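Residue numbers (full-length UniProt numbering): 579 to 860.
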Ligand code: C2E
Ligand code: CA
Ligand code: CA
Ligand code: CA
């Protein structure tokens, strides 16, 4: 320790110790939460210009017995660092597939695709494709209604194997979206090799779309790129009517964001859709 210099000092920094303890508690909590079924999926609808429902993104929420509802930003990073994201991700994928099967009986949600977020650690496990197929088999969910959201950063390591896994799942009917597009560093040549179906424009580019000409230029470029590669382009973080109009003027016709709806628990989503039918029926 004598040669460790400032590292030695930092190790005994009380705030750092508190941080280490917080993380250890969080890790233990995630394990218990997984055993006790505390993780649930909420669903955020995606729409087109005509307010037609196109799909749903599944977003995890942790219903902690003492702390209440915890958002993913507060535990996904620790789940990723500890590797717990692999069993947690499997559990969530299974939940989403069960929900899909349940909704096959629901008049308005029958056949509506559900998108599930996949972490780097998950896709890099050797048997990822087999595990996804096993979940589809076990639940009886149709692969055609399952979409997996991946990010650019996870497609840099083990590229060949990852592309191979994606190809095999696509043969089965599963679709792939590139999430947070524009925030990574991948080259366009690289992007062309990926077996993708959709680009999701990151909400960071949508937020100031009307006032920031750089953001507007990026969105236009992504839309053009998507068109030339035959990919669907969906914008995230659509919060206003103005966002929606500006995006449509740029050729983007699929939207997800608070302007349409926040993520909702399944029962609330079903109730909202039922209301809309009554509204449009009167
Ligand atoms: P993401 O995949 O980019 O998900 C979109 C996030 O933006 C969600 O936050 C959503 O609630 C939020 N959002 C939606 N519309 C709007 C809007 O109009 N304005 C703004 N400001 N925000 C909007 P959420 O649910 O807190 O999730 C945060 C992140 O946590 C997700 O970002 C994703 O990276 C991760 N995450 C969520 N669920 C899962 C999961 O099941 N597995 C994994 N691996 N990661 C997940
Ligand atoms: Ca996502
Ligand atoms: Ca995103
Ligand atoms: Ca994000």
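Quick reminder that beta carbons are idealized off the backbone N, C-alpha and C, glycines included. Everything numeric in this text was worked out from a predicted model, so none of it was measured.
Going straight from the alpha carbon of residue 839 to that of residue 592, what length do you get?
Position 261 of the chain shown holds residue 839. Position 14 of the chain shown holds residue 592. Approximately 42 angstroms, taken between the alpha carbons.
Look at the alpha carbon of residue 624 and the alpha carbon of residue 691, and state the distance between them as a whole number of angstroms.
In the chain shown, the residue the question calls residue 624 occupies position 46. In the chain shown, the residue the question calls residue 691 occupies position 113. In a straight line, the C-alpha of residue 624 is about 10 angstroms away from that of residue 691.
With a threshold of 16 other CB atoms inside 10 Å of the CB of residue 755, please say whether the residue is buried or exposed.
Taking the chain shown and counting its residues from 1, one reaches residue 755 at position 177. By the 10 Å Cβ count, residue 755 comes out buried.
On the CB-based measure, 16 or more other CB atoms within 10 Å of its CB, does residue 821 come out buried or exposed?
Here residue 821 is taken as the residue at index 243 of the chain shown, counted from 1. When all chains shown are included, residue 821 counts as buried.
Can you tell me whether DSSP reads residue 580 as helix, strand or coil?
Stepping through the chain shown from its first residue, residue 580 is reached at position 2. Legend: pLDDT at residue 580 = 43, less than 50; position of this residue unreliable, value from coordinates given subsequently. Residue 580 falls in the coil class under three-state DSSP.
Could you check the C-alpha separation between residue 843 and residue 630 for me, to the nearest Å?
As a first step, residue 843 must be located in the chain shown, where it is residue number 265. As a first step, residue 630 must be located in the chain shown, where it is residue number 52. Cα to Cα, residue 843 sits roughly 20 angstroms from residue 630.
Which of helix, strand or coil does DSSP assign to residue 691?
Residue numbering aside, residue 691 sits at position 113 when the chain shown is read from its first letter. Of the three classes helix, strand and coil, the one that applies to residue 691 here is coil, per DSSP.
Taking all protein chains shown into account, do 16 or more other C-beta atoms lie within 10 angstroms of the C-beta of residue 778, making it buried, or fewer, making it exposed?
Numbered from 1 along the chain shown, position 200 holds the residue referred to as residue 778. Burial call: buried.
If you follow the alpha helix (DSSP H) that residue 742 is part of, which residue opens it and which one closes it?
Position 164 of the chain shown, counting from 1, holds the residue named residue 742. Taken as a continuous stretch (DSSP letters only), the alpha helix (DSSP H) holding residue 742 covers 737–750.
What would DSSP say about residue 798, mapped onto helix, strand or coil?
The sequence position of residue 798 within the chain shown is 220, counting from 1. Reduced to three states, the DSSP call for residue 798 is helix.
Report whether the distance from the Cβ of residue 635 to the nearest heavy atom of ligand 2 is below 7 angstroms.
Here residue 635 corresponds to residue number 57 of the chain shown, with the count starting at 1. Under cutoff, so the answer is yes.
Which value, in whole angstroms, describes the spacing of the CA atoms of residue 800 and residue 760?
Your numbering for residue 800 matches position 222 in the chain shown. Your numbering for residue 760 matches position 182 in the chain shown. In a straight line, the C-alpha of residue 800 is about 8 angstroms away from that of residue 760.
Assuming residue 837 contacts residue 626 (C-beta within less than 8 angstroms), just tell me the rounded distance between them.
Here the question's residue 837 lines up with position 259 in the chain shown. Here the question's residue 626 lines up with position 48 in the chain shown. With a Cβ gap of about 13 angstroms, residue 837 and residue 626 do not count as contacting.
Figure out for me which residue from 857, 809, 662 has the closest Cα to the Cα of residue 699.
For this step, residue 699 is matched to residue 121 along the chain shown. Closest by alpha carbon: 662.
Please list, following the chain, all residues that have a C-beta closer than 5 angstroms to any non-hydrogen atom of ligand 2.
My final list is 695, 727, 757.
Do the CB positions of residue 670 and residue 617 come within less than 8 angstroms of each other?
Within the chain shown, residue 670 is the residue found at index 92, counting from 1. Within the chain shown, residue 617 is the residue found at index 39, counting from 1. Result yes, Cβ atoms of residue 670 and residue 617 sit closer than 8 angstroms.
My guess is that residue 809 and residue 766 are in contact by the Cβ rule of under 8 angstroms, so how many angstroms apart are they, rounded?
As a working mapping, residue 809 is identified with position 231 in the chain shown. As a working mapping, residue 766 is identified with position 188 in the chain shown. At roughly 12 angstroms, the Cβ-Cβ gap does not stay under 8 angstroms, so residue 809 and residue 766 are not in contact.
Taking the C-alpha atoms as reference points, what is the distance between residue 628 and residue 723?
Within the chain shown, the letter at position 50 stands for residue 628. Within the chain shown, the letter at position 145 stands for residue 723. About 21 angstroms.
Looking only at its chain, what residues have a beta carbon closer than 6 angstroms to the beta carbon of residue 817, apart from the 5 residues adjacent to it on each side?
Residue mapping note: residue 817 aligns to position 239 of the chain shown, counting from 1. The residues are 835, 836, 837.
Do you know how far the Cα of residue 681 is from the Cα of residue 848?
For the purposes of this step, residue 848 is taken as residue 270 along the chain shown, with counting starting at 1. For the purposes of this step, residue 681 is taken as residue 103 along the chain shown, with counting starting at 1. Residue 848 and residue 681: Cα-Cα distance of roughly 10 angstroms.
According to DSSP, is residue 703 part of a helix, a strand, or is it coil?
What you label residue 703 is simply residue 125 of the chain shown in a count that begins at 1. Correct three-state label for residue 703: coil.
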